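Using full-length UniProt numbering, you'd call the opening residue of the sequence shown number 1 and step up by one each time. All remarks here apply to the structure that follows.
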Amino acid sequence: MRAFWGATLGFTFAFIGWFAFAPLLPVVRVDLGLCDNNAVIQLLPEDERVEACVCKKQCKSTIASANIAAVSFDVATRFFLGSVIEKFGPVKTDCMLLSFGAIVVSISAFIQSGSQLIAARFFVSCLGSTFVVNQFWNSIMFNSKIIGTVNGTAGGWGNLGGGLTQVLMPAIYALWRSFGLSLSMSWRLSMFFPVSLYVVLVAWLWFCTQDTTTGKFEISMLGKTRRAGPSDYLRVCMDYRVFLMIFQYSSCFGAELVFNNVLVSHFVDLFDVDLLSAGALAMCFGGMNLFARSLGGIASDWASSRLGMQGRLWIHFLSLFGEAIFLFIFGCIDKSTGGWPVALVVLIFFSIFVNMSEGTSYAIVPYMIPQDLAIVSAVVGAGGTLGAVIATWAFYKYVQDSLLPFKLHACYVMFWALTVPLMRWETLGSMWHNPAKKLVEAPAAQKEEPKVPLPIAEEQPKHAIEEAQL
């Protein structure tokens with residue numbers, strides 16, 4: 001359980017530093033002089049009216065570039081983190097990521113221009129790679145029959161940090177403003193809040209947690225004799241099911257990252273909501289992580305206990321399908337079609353399906369190529385962040401309309417949802433086929449503890465296991 005909470009808190013706190021800029025962009029863009037108009041809105045209900053911009057043209061391009069940068073470095077670090085975990089183990093890897101993040105977030109408090117904002121958000125995005133540690137660490141600690149529930153809960157409560165950020169950072173900014181500090185000094189001091197969290201958490205991880213139930217992680221626990229190399233990554237990515245899962249995960253976790261970046265500005269600019277209220281509304285999106293990702297994992301485990309992999313795939317497909325539908329509806333709502341209350345209701349349902357899709361994804365991941373679990377976890381995680389890069393660049397950066405990007409993004413999600421029926425395993429089946437012959441654990445995986453919980457079809461007859469072992 002210390003491993004569970006270490007992995008979960010590491011990812012939760014990582015989000016706060018990773019997206020610290022997102023809810024503060026309405027004030028940061030004013031302080032950095034990025035605005036290309038002189039629109040005036042009220043950023044804080046009790047504050048004096050301060051000059052801000054309804055971001056257009058050059059300003060919108062700079063902010064969109066910063067949002068792309070905020071997930072770009074994470075794609076690379078996630079991709080190669082499988083090898084890093086195999087070399088150093090999950091505890092040391094988490095400590096390295098959080099320590100580097102603390103340094104970068106500290107430096108980002110001193111930026112003075114749009115280009116420096118882009119650079120700061122680029123390097124701080126490595127914090128997102130704590131997700132790979134989160135899923136791998138729990139996968140080697142818990143039994144395979146509940147891995148969907150465990151990974152869903154750990155990942156969901158980790159993602160909850162994205163919602164907390166939307167409330168915490170504007171609140172801390174407002175606190176500094178209440179002390180009479182300037183707009184510029186207030187947001188800059190706010191950036192040191194996540195840094196303080198990292199200092200405390202790294203110390204706790206280093207001294208109070210361990211890689212496995214017996215201590216240090218060894219590569220032999222994965223049933224391998226050597227660490228992953230470039231050829232292993234290529235082999236894994238060439239498996240068409242892994243390739244499809246990479247982009248299916250890009251359509252759910254990528255969407256969550258995009259919304260973490262744009263929601264506060266969307267409510268401020270389109271619905272004229274003040275900064276603190278916009279943060280609270282955005283928190284409703286992230287707050288669904290409290291249960292929805294776990295719900296996806298639980299539903300996947302429940303369906304698997306009855307239908308095996310066929311059940312997992314059906315739950316995965318329905319979650320992605322529902323996500324696409326509600327994302328499209330969200331893109332149809334403005335002041336004239338119900339305003340922010342209607343948008344909030346749709347946003348909550350959209351968030352539930354987004355998080356369920358993430359939970360169902362990583363309920364399937366441990367079954368894909370068990371002996372390469374670290375690599376599969378890494379490349380699928382990288383795919384999630386890649387989805388945010390693709391969507392922000394293709395739909396949000398160049399499209400001037402405020403709502404059209406959400407509709408285009410919904411089409412992207414629906415396309416990858418329709419690829420789920422293509423996934424098939426000889427021993428596990430597909431959405432349309434549930435083979436009588438089940439996949440069983442290799443006998444070597446049952447000799448000693450601890451072992452990585454290799455995928456095993458649930459509720460197998462005893463004679464089937466004995467026959468396979470023989």
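Positions of the beta carbon are idealized from the N, C-alpha and C atoms, including for glycine. Small disclaimer: the values here were computed from a predicted structure and weren't measured.
V199 counts as exposed, since fewer than 16 other C-beta atoms from the protein chains shown sit within 10 angstroms of its C-beta.
Residue W204 holds the alpha-carbon nearest to the alpha-carbon of L9 among R227, V124 and W204.
Three or more Cβ pairs closer than 8 Å define a contact, and the segment 21 to 32 meets that threshold against the segment 170 to 188.
T212 is bridged by DSSP to G215.
Within the same chain, G89, P90, V91 and F217 come within 7 Å of D211 by CB-CB distance, once the 5 residues on both sides are set aside.
If the five residues before and after G114 are omitted, its C-beta is found closer than 7 Å to the C-beta atoms of L32, L34 and T62, all from its own chain and listed in chain order. Inter-segment contact for the segment 130 to 149 and the segment 231 to 238 is absent: fewer than three beta-carbon pairs are separated by less than 8 Å.
DSSP lists R424 as the bridge partner or partners of S430.
When DSSP states are grouped into helix, strand and coil, D401 belongs to the coil group. Within 10 angstroms of the beta-carbon of P194 lie 16 or more other beta-carbons, which makes it buried.
For L127, no alpha helix (DSSP H) segment is defined, and its DSSP state is neither H nor E.
Less than 8 Å separates the beta-carbon of T130 from that of L97. T213 sits exposed, since fewer than 16 C-beta atoms from the chains shown fall within 10 Å of its C-beta. Just measuring C-alpha positions, the residue of N289, G308, H316 and L307 sitting nearest F15 is N289.
Of all C-beta pairs linking the segment 67 to 87 to the segment 148 to 157, fewer than three are shorter than 8 Å, placing the two stretches out of contact. Following the DSSP letters along the chain, one finds R293 inside the alpha helix (DSSP H) bounded by residues A292 to L307. The segment 320 to 331 makes contact with the segment 344 to 354; the number of CB pairs closer than 8 Å reaches 3 or more. Take the alpha-carbon of V262 and the one of P366: they are about 32 Å apart. Straight-line measurement puts the Cα of G215 at about 32 Å from the Cα of F253. Around the CB of E426, fewer than 16 other CB atoms lie within 10 Å, so the residue is classed as exposed.
Just measuring C-alpha positions, the residue of I246, F122 and V345 sitting nearest M368 is I246.
By the Cβ test, the segment 309 to 324 is in contact with the segment 353 to 364, since at least three Cβ pairs between them sit closer than 8 Å. Using a C-beta cut-off of 8 Å, the segment 273 to 284 makes contact with the segment 163 to 182, since at least three inter-stretch Cβ pairs fall below that distance. Note on the segment 367 to 421: whole alpha helix (DSSP H) runs with a minimum of 4 residues are 373 to 391 and 404 to 417, in chain order. Between the segment 255 to 270 and the segment 383 to 401 there are three or more C-beta pairs closer than 8 Å, enough to call the two in contact. Taking C-alpha positions only, M191 is separated from R226 by approximately 41 Å. DSSP, read as helix, strand or coil, puts Q166 in helix. Distance from the Cα of G279 is smallest, within the candidate group R312, I111 and A174, for A174. Contact annotation: A378 and F19 have beta-carbon atoms that are not nearer than 8 Å.
Spanning the alpha carbons of S294 and G180 requires a straight line of approximately 42 Å.
In the three-state scheme derived from DSSP, where H, G and I count as helix and E and B as strand, N289 is classed as helix. For C237, the enclosing alpha helix (DSSP H) stretches over residues P230 to C237.
Taking the C-beta atoms as reference points, I111 is found no nearer than 8 Å to D232.
Pairing G387 with S304 gives a Cβ-Cβ distance that is not under 8 Å. W340 counts as buried, since no fewer than 16 other beta carbons sit within 10 angstroms of its beta carbon.
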